[in-house]
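Novice: Quick one: the structure is below, and I'll ask about it shortly.
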């Protein structure tokens, strides 16, 4: 990156996107020697009571739809045209639902600066394509031809917006980018640790949601603490094994970071994956029906990832190497008895060397 | 150990001792080629409605005081004299409150067999002596001159007694002992993993209770998930650093076992250390008073360990290397503001290489 001040664009403006734009906007003011004050935020245009959402944000400095009651900062500027929003940007913060990533990236390819431009992905999950699981930050790198870091952690968006203390993890290839991202994201209440293992970080962010389904199955069966903590522990071990088996040099240390064990604990304690899975077990209805009832037609991250990981493993004849992930899928989608969540762990062990 | 059948004595008969005697009694029947069927259990004699507790146990096969409603098995024999209970024993299972360990061990020194005798410790915590922290299994080894393994995990005693699925970890020096202990403790519902790191296992078992106080402080302050999971994660990192700094070759893998992350999660989710710390914050009363009110005069494991670890660190000028453990102690005992639980984490970081 050059010596001139860095321009930041946040691509996405949901609950998490708005919270993180607010964090960035505080830091561009604090580090005015490094960043341009203004943080542009791409907002998918909607009408709210006859008024454009971008206009409301730019007048009230509040995302009334996705983060009501929180002042984003005067220096957050909402822009409805995504290509317009990234012109001359040096830092692109991707915080989109994953189904939009490719389309948005393709549309940006010819507008982003050819030099002095880097990205960071806050996109959840892995991309399932041709029976392969892809790392979003690497996909963004391929499309845009720039470096892309990733951020993930035990971060409930509303708590970050309320400035409750929490931690997060940033992973990137280039330590110099790491320093810049630290300045852009670290605050007193949002404690950043920078690591090198972007694959491990993103594997954790995807697979934790499957483990949370397992925790929910335990809750639905009214299992006690011993069983539930065994499921969470096995989940952590399988997450690590999955990373090391399919994504090369995933580091054990990554699982001690906020993106690893902390995010897993939070997701298995609260979180809608856990809740919906518990309701699924209690009701006996198909999971699609429960998702419809509880999530207004949205799909759970955990159920989608569970299906993808199962198909990925099963086409490689490796389901038996991941007994917990496999048991969870079979309970959710193949009418396996819910009790198999614990029964299968009695007979199948997983070891990571 | 010799080719003749192994005699097992469980030294202790509280809630956990009785549950574990029941597990052993199932396995001595199952592995009748390895073990004598009879499992002797030392019971500190008490009168229950005018009748001796040992007599009740031997008639009803139930510890009506400490594990009511659960059949221990006909082959568990309660013995009121501890020296009598270990005569000819090949396996000693220590599951006593830690304040009785030395006295009991001293009294056993001249009665236990000189050969073919090994022990396993289920004692919680570390022993604080002359401003040093000692590993109980090693203390037992010193006094008795026999090997002593250790067992610890995410094991709520009543859930084990009800045969709910759970996992545990056994650590021992000698792999042959490991095989024997696996046979004595592993069941369909009590899943044993044997490792070599007995120090790491016992460090986890002690320090998790301090972290649970931290989780309770967060709950008392009504902090959200981001803060609480940051505290638990920092706790895990400090547990590991403590082990590696003061106990030599503690293994990172140990923290992925049931005795590590799983036990930590359970203790921070339920558990009385967490509950009492939360009540302490809400009430504003001194912790000793809260302990008296809530625990009938008993002391919490976490508060005692917190004091011992703090004094241990402070005499070595190392409190700043363990900011979470230090902050918890200061909140509990030095009137530090409870908010320092998070505030101190903002400014102090801990890294394990």
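Chains as they are written, first to last, in this note's numbering: chain A, 4 to 356; chain B, 4 to 356.
Virtual Cβ for every residue (Gly too), placed ideally from N, Cα, C.
Remember, it's a predicted structure, so these values are computed and weren't measured experimentally.
Restricting to Cα atoms, I'd like to know which of A:311, A:26, A:338, A:327 is closest to residue 161 of chain A.
Specialist: Checking every option, the nearest Cα to that of residue 161 of chain A belongs to A:26.
Novice: Just to confirm, is the Cβ distance from residue 279 of chain B to residue 267 of chain B under 8 Å?
Specialist: Their beta carbons are not under 8 Å apart, which means residue 279 of chain B does not touch residue 267 of chain B by this criterion.
Novice: Helix, strand or coil: how does DSSP classify residue 190 of chain B here?
Specialist: Residue 190 of chain B: coil per DSSP, three-state reduction.
Novice: Closer than 9 Å, Cβ to Cβ, to anything on chain A: give me those residues from the segment 251 to 264 of chain B, in chain order.
Specialist: Listed by position, the residues of the segment 251 to 264 of chain B near chain A (Cβ gap below 9 Å) are 255, 256, 258, 259, 260, 261, 263, 264.
Novice: Any beta carbon from chain A within less than 8 Å of residue 345 of chain B's own beta carbon?
Specialist: Output row for residue 345 of chain B: interface = yes.
Novice: Would you check if there are 3 or more beta carbon pairs closer than 8 Å linking the segment 318 to 334 of chain A to the segment 139 to 154 of chain A?
Specialist: Short answer: they don't touch.
Novice: With a CB to CB cut of under 6 Å and the five nearest residues on each side skipped, what residues in its chain are close to residue 5 of chain A?
Specialist: Legend: pLDDT at residue 5 of chain A = 47, less than 50; position of this residue unreliable, no value from coordinates given.
Novice: Could you work out which residues of chain B lie near residue 158 of chain A, taking near to mean beta carbons separated by less than 7 Å?
Specialist: Near residue 158 of chain A (Cβ distances below 7 Å), the residues of chain B are 229.
Novice: Could you pull the DSSP bridge partners for residue 196 of chain A from this structure?
Specialist: The partner list for residue 196 of chain A (beta bridge, DSSP) reads A:172.
Novice: Measuring only between beta-carbons, confirm whether residue 155 of chain A sits less than 8 Å from chain B.
Specialist: Residue 155 of chain A does not count as touching chain B.
Novice: By the criterion of Cβ-Cβ separation under 8 Å, what are the contact partners of residue 143 of chain B in chain A?
Specialist: Simply none; closest approach about 26 Å.
Novice: Please list, in chain order, all residues of the same chain as residue 202 of chain B whose beta carbon is under 6 Å from its beta carbon, the five residues on each side excluded.
Specialist: Within the same chain, residue 202 of chain B has close Cβ partners 138, 250, 253.
Novice: What does residue 163 of chain B reach in chain A if we use C-beta pairs closer than 8 Å?
Specialist: 229, listed in chain order.
Novice: For residue 130 of chain B, report the span of its alpha helix (DSSP H) as first-last.
Specialist: Element bounds for residue 130 of chain B: not the alpha helix (DSSP H) but the beta strand (DSSP E), 130 to 132.
Novice: Closest by CA to residue 77 of chain B, which one among B:69, B:91, B:59, B:86?
Specialist: Residue B:59 is the option with its Cα nearest to residue 77 of chain B.
Novice: Are residue 12 of chain A and residue 92 of chain A closer than 8 Å when you measure CB to CB?
Specialist: Contact: yes.
Novice: Pop quiz: residue 210 of chain B and residue 306 of chain B are said to be a contact at Cβ under 8 Å. What is the actual Cβ separation, rounded to whole angstroms?
Specialist: With 8 Å as the limit, residue 210 of chain B and residue 306 of chain B do not qualify as a contact, their Cβ atoms being about 13 Å apart.
Novice: Cutting at 8 Å between CB atoms, please list the residues of its own chain near residue 104 of chain B, excluding the five before and the five after it.
Specialist: For residue 104 of chain B, where only same-chain residues beyond five positions count, the Cβ hits under 8 Å are 97, 126, 130, 139, 142, 143.
Novice: Sort A:206, A:67, A:45 by Cα distance to residue 51 of chain A and report the nearest one.
Specialist: Cα-wise, what sits closest to residue 51 of chain A is A:67.
Novice: Residue 269 of chain B CB to nearest chain C CB: under 8 Å?
Specialist: No chain C appears in the structure shown, which is made up of the protein chains A and B.
Novice: Since I believe residue 177 of chain B is in contact with residue 349 of chain A (beta carbons under 8 Å), could you give me their beta-carbon distance rounded to a whole number of angstroms?
Specialist: With a Cβ gap of about 26 Å, residue 349 of chain A and residue 177 of chain B do not count as contacting.
Novice: Closest by CA to residue 230 of chain B, which one among B:342, B:62, B:291?
Specialist: If we check each option's Cα against that of residue 230 of chain B, B:342 comes out closest.
Novice: Compare the C-alpha of residue 207 of chain B against each of B:227, B:196, B:262, B:158 and name the closest.
Specialist: For residue 207 of chain B, the nearest C-alpha among the options comes from B:262.
Novice: Going straight from the alpha carbon of residue 244 of chain A to that of residue 181 of chain B, what length do you get?
Specialist: The straight-line gap from Cα to Cα measures roughly 25 Å.
Novice: Report the neighbours of residue 349 of chain B on chain A: residues whose CB is nearer than 8 Å to its CB, in chain order.
Specialist: Within chain A, the residues near residue 349 of chain B are 168, 191, 192, 194.
Novice: Tell me whether residue 14 of chain B sits in a helix, a strand or coil according to DSSP, three-state version.
Specialist: Residue 14 of chain B: strand per DSSP, three-state reduction.
Novice: I'd like to know whether the C-beta of residue 232 of chain B is nearer than 8 Å to at least one C-beta of chain A.
Specialist: Output row for residue 232 of chain B: interface = yes.
Novice: Counting only Cβ pairs nearer than 7 Å, list the residues of chain B close to residue 218 of chain A.
Specialist: Correct list: empty, because the minimum Cβ distance to chain B is about 10 Å.
Novice: Along the chain, where does the beta strand (DSSP E) containing residue 43 of chain B start, and where does it finish?
Specialist: That run of the beta strand (DSSP E) goes 38 to 45.
Novice: On a Cα-Cα basis, can you pick out the residue from B:331, B:55, B:259 that is closest to residue 276 of chain B?
Specialist: Residue B:331 is the option with its Cα nearest to residue 276 of chain B.
Novice: For residue 10 of chain A, which of A:122, A:61, A:49 has the nearest alpha-carbon?
Specialist: The option with the nearest alpha carbon to residue 10 of chain A is A:122.
Novice: Anything in the segment 268 to 294 of chain A with a Cβ closer than 7 Å to a Cβ of chain B? List those residues in chain order, please.
Specialist: Within the segment 268 to 294 of chain A, the qualifying residues are 268, 269, 272, 273.
Novice: Which first and last residues belong to the alpha helix (DSSP H) in which residue 229 of chain A is found?
Specialist: Residues 228 to 249.
Novice: Going along chain B, which residues have a C-beta under 8 Å from residue 25 of chain A?
Specialist: Correct list: empty, because the minimum Cβ distance to chain B is about 15 Å.
Novice: What residue ranges within the segment 22 to 86 of chain B form continuous beta strand (DSSP E) runs of no fewer than 3 residues, ordered along the chain?
Specialist: Listed in chain order, they are 38 to 45, 79 to 82.
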